[in-house]
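The structure appears right after this line, and notes come after that.
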Amino acid sequence: MDMDDAYANAKYIPNASDFLEQWEDSAREWREMENAAGRLQVNLSYGAHEREKFDLFLPSGRPEGLMVFVHGGYWYQFDKFRWSHFAEGATARDWAVAIPSYPLAPEARISEITQSIRKAIEEAAKRVRGPIVLAGHSAGGHLVARMLCEDGLAPEIAARIKTVVPISPLSDLRPLMETKMNADLRLDLAEAEAESPLLLKKHIDIPVTVWVGGAERPAFLDQARWLAQAWEGASLHIEPGQHHFNVIDGLKDPESPLMKALV
């Protein structure tokens, strides 16, 4: 199997570049609106690295809890500013939403990015009381799933986690060692195994819904199934007709099945 092709998404999605432009425009408009309403805190630091910052979107009233959304991009692309509008569904349901940036490969290894996300969640948790839910897309799905493993979160934060929804997650990193992008990721077998949620025990006993689009690449359907099968208490939801880019659209709709699975 050609692993570069297996894990290619954009080339199999019609007008894929339009999604990237629309996300950027919609995110900017959402930030401007929320900032004008006094419901946005920007660039809150959670570490020493210049990319270790998150934005916090607040509901109109007192938050029911905190959702953390971790973006994708194969650990080497993007930042928090492209995804702001995906906070809309949760804030409409009276939840605060933290969206972090994080150090990227090749500067950071995946194991280091994992630790950055841990710090982001723990810092955001200091600012919002109540339960915490985690959602992440693609590489972000890997990172939120990774938080449930034994060395993921501090015990006092882990105790507040209500549910986790990894969306189109990369649960087994070993196949990525055979891709060209590994020149940036720098995965070796030891790190791939140590950072693969599929190969690690789920340490926090909470519901996990592994979410994936029915029109995704077979490799992503496999990755989602593998995790749902490996983790006791995890369920698999295949969203009919959705591909890798629009599978997260439900995060914008407070009444969507995806949003209801989270909060």
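Positions 1 to 263 (UniProt numbering) are the ones given, in order, by the sequence shown.
By construction, the Cβ of each residue, glycine as well, lies at the ideal position given by its N, Cα and C atoms.
Rounded C-alpha distance that separates residue i from residue j
| i | j | result |
| --- | --- | --- |
| L187 | L176 | 8 Å |
| P169 | R225 | 10 Å |
| I13 | G73 | 15 Å |
| K53 | I121 | 11 Å |
| L221 | R129 | 35 Å |
| P131 | M181 | 36 Å |
| D253 | E232 | 29 Å |
| G140 | D55 | 16 Å |
| A228 | P166 | 10 Å |
| E123 | A154 | 11 Å |
| H142 | A90 | 21 Å |
Nearest-angstrom Cβ-Cβ length linking residue i and residue j, presumed shorter than 8 Å
| i | j | result |
| --- | --- | --- |
| H237 | W211 | 5 Å |
| A194 | S111 | 7 Å |
| L198 | D172 | 4 Å |
| W75 | A105 | 5 Å |
| P103 | H49 | 5 Å |
Selection from the options that minimises the alpha carbon distance to residue i
| i | options | result |
| --- | --- | --- |
| D184 | Q77, K11 and L198 | Q77 |
| F19 | I248, S116 and R118 | I248 |
| K119 | P257, F245 and G152 | G152 |
| R217 | E156, E178, E50 and N9 | N9 |
| R39 | P257, Q22, A215 and F57 | F57 |
| V263 | E24, M67, R127 and E178 | M67 |
Counterpart residues of residue i in DSSP-defined beta bridges
| i | result |
| --- | --- |
| A135 | F69 and V165 |
| L40 | F57 |
| W211 | I167 and H237 |
| P100 | F54 |
| K202 | C149 |
| S45 | K53 |
First through last residue of the alpha helix (DSSP H) which encompasses residue i
| i | result |
| --- | --- |
| S111 | I110 to R127 |
| E64 | Premise fails: E64 is in no alpha helix (DSSP H) and is neither H nor E. |
| I157 | P155 to A158 |
| D261 | One point to set straight first is that residue 261 is Ala, not Asp, in the sequence displayed. It spans P257 to L262 - the alpha helix (DSSP H) in which A261 sits, taken as one unbroken run. |
| W226 | P218 to A230 |
| G89 | E88 to A92 |
| M3 | M3 to A6 |
| A192 | L189 to A194 |
| N15 | It is not in any alpha helix (DSSP H) - N15 carries neither H nor E in the DSSP assignment. |
Residue i at chain C interface by Cβ criterion, 8 Å
| i | result |
| --- | --- |
| E193 | Absent from the structure: chain C. Only one protein chain is present. |
Proximity test, residue i beta-carbon vs the ligand ATP heavy atom, cut-off 7 Å
| i | result |
| --- | --- |
| I117 | For the structure depicted, the ligand ATP is absent and the ligand set is empty, with no information on it obtainable. |
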